[in-house]
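Anchor point for the sequence shown: position 40 equals 26 in the working numbering, and the numbering is continuous, going up by one each time.
Heads up, the beta-carbon is just placed ideally off N, CA and C, and yes, glycines get one too.
Please read these numbers as outputs of a predicted model, since none were measured by experiment.
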Amino acid sequence: MLLTTSRKPSQRTRSFAQRLARILGWTYINRGKMNLREVLIEAGGPAAILFERHGNPARITFLDERGHELGYILFNASFDLKPVSLRGAARSARSCPDDLHTICRLMGLEHDPSVREGAWDIRPAGDYRGVMELIDSEGRPSGFKLIIKDIRMGE
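Structure follows, in structure tokens:
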């Protein structure tokens, strides 16, 4: 999947997008002045666009190759600027409750409870829909976390 940002993102949003793409094994491109059509041509398949609110990453919208919205995730991001140690791309979710399974589908994550490191831990979280936390190569929380406020699938 290709990940890019909305136009004129803040440095924090660009950094987050680059790290998220690297963690998930996605391709990141700097959007510059590209319109949505040019982004989809560059992607050659599904794409994700990261939008911000008040200079912070806040929404990922997923599009199919024709530009139709597949769905979106609204979130608050929490991430340290220290490097995350992973042995490969984190494309598995070791936990993904049924009511949060949409996240796994939109992001292309495999649900594999046997994975103990380099995976996502997705769980319910009080006032929010859930928390999506990256587990590093030592099996500990890495400090890279998405606090999920809402999830929607496209029509």
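Check, Outcome
"Cutoff 7 angstroms; reference Arg0; Cβ partners in own chain excluding five residues on either side", "Thr(-9)"
"Sheet register partners of Asp84 (DSSP bridge)", "BP columns for Asp84 are empty, so no partner."
"Per DSSP, the bridge partner or partners of Trp12", "Paired residues: none, contrary to the question."
"Ile59 classed as buried or exposed, judged by whether at least 16 other C-beta atoms fall within 10 angstroms", "buried"
"Beta-carbon proximity of Tyr14 to Ala29, cut-off 7 angstroms", "no"
"Proximity to Ile137 [Cα-Cα], best of Gly74, Arg91, His40 and Ile27", "Arg91"
"heavy atom of the ligand ADP below 6 angstroms from Ala29 C-beta", "This structure does not include the ligand ADP; it has no bound ligands of any sort."
"Cβ pair count under 8 angstroms reaching 3, the region 71 to 79 against the region 89 to 107", "yes"
"Contacting residues, own chain, Cβ-Cβ under 6 angstroms from Asn62 (five flanking each side not counted)", "Ile133"
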